[in-house]
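Please read the structure below before turning to the comments.
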């Protein structure tokens, strides 16, 4: 149901990996002396890389300020990356269902549609509870469902009922097929309190 | 909010106006008409019960909530409506918009320029309590 920062992690790890690889290759070239043969300006292996006085280089106040600002930026990026690891629901904004906004808008909160889907799923046999979440847009909706069933539920039958009843109904309401549908099923020992209902035809037996 | 509303009907002559009087519609009248027209649709409903809006529940027999902004003889309506599930929402709300616009104009003479619709709930027609009935 919740989304993780997988793409962000892959991107940043790729960038950091490339930087670390470039640094490693550079150190290897310096250590082997290959870089020194390519350019005489490079210090030979075994000799200090910097010959100048570092205290003098970092002495001015502006150098300290630059290092401080750079540290804060890197620290901020690190903090932002850590916060991005918190799983988020990322629900969709209100769906806009109007054709011509000049004559008026039509808005529907995705949670309204999700409630209708949950209500429908909760009436299926064996379902103890469910939660639904809609993402994407009104023209390209994504549906994610978490369904809890009891241990007597027929999972294949449940999936069949969802595919032939619940999803087509949602597509009918939105007038577009689902772009992606995710279903997570959990099994619980609880009883299905709001499962299949029995409609009475009025026959009373004494 | 109790701003004057609209002059109903056509005004034939300015000279006759003073002698014949004026008809002024409060905007609440337009709101109630719009609400009633929306509620007449079989697939639309409102909310009933509760206290000050708290604890209200979806009800197809209730009138949807409507509000209006009047500028002279031109109205912009905002309707909060519950709909039958599953109905094609675009088609249903477009039909509702057309119906409200036509009926409000016909009944009040106010020109409806916009009808903004917010879908507040969706319910299937045969609402069941989910419990087995005792025979």
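Chains as they are written, first to last, in my numbering: chain A, 1 to 206; chain B, 1 to 135.
Yeah, the Cβ is synthetic: ideal placement off N, Cα and C, and Gly gets one too.
Q. With a CB to CB cut of under 8 Å and the five nearest residues on each side skipped, what residues in its chain are close to residue 187 of chain A?
A. 148, 149, 150, 151 and 153
Q. Looking at the structure shown, is residue 168 of chain A part of a helix, part of a strand, or coil, going by DSSP?
A. helix
**Q.** the segment 71–87 of chain A / the segment 1–13 of chain A touching (three or more Cβ pairs under 8 Å)
**A.** Taking a cut-off of 8 Å on C-beta distances, the segment 71–87 of chain A touches the segment 1–13 of chain A, as three or more cross pairs fall below it.
Q | alpha helix (DSSP H) segment containing residue 101 of chain B, residue limits | A | 89–108
Q. Which chain A residues are close to residue 90 of chain B, counting only those with a beta carbon under 9 Å from its beta carbon?
A. 97, 98, 99, 106, 138, 174 and 175
Q) What does residue 112 of chain A touch in chain B if you count any residue whose Cβ is under 8 Å from its own? A) 119, 120, 121 and 122
**Q.** Inter-stretch contact (C-beta, 8 Å, three-pair minimum) for the segment 23–31 of chain B and the segment 57–71 of chain B
**A.** yes
Q. Once you ignore the five residues that flank residue 114 of chain B on each side, which residues in its own chain have a CB closer than 6 Å to its CB?
A. 76
Q) DSSP three-state call for residue 118 of chain A: helix, strand or coil? A) Shown here, residue 118 of chain A sits in a helix according to DSSP, grouped into three states.
Q. Which chain B residues are close to residue 7 of chain A, counting only those with a beta carbon under 7 Å from its beta carbon?
A. Per Cβ cutoff of 7 Å: no residues; residue 7 of chain A is ~32 Å from chain B at best.
Q) If you measure from the beta carbon of residue 190 of chain A to each beta carbon in chain B, is any gap under 8 Å? A) no
Q: Return the CA-CA distance between residue 6 of chain A and residue 88 of chain A, expressed in angstroms with no decimal places.
A: 12 Å
(Q) Measuring straight from C-alpha to C-alpha, what distance separates residue 167 of chain A and residue 74 of chain B? (A) Within the model, the alpha-carbon separation for residue 167 of chain A versus residue 74 of chain B is close to 41 Å.
Q: Determine, using beta carbons only, whether residue 61 of chain B comes closer than 8 Å to chain A.
A: no
Q: Can you grab the Cα-Cα spacing for the pair residue 121 of chain B / residue 60 of chain B, in whole Å?
A: Rounded to the nearest angstrom, the two C-alpha atoms are 11 Å apart.
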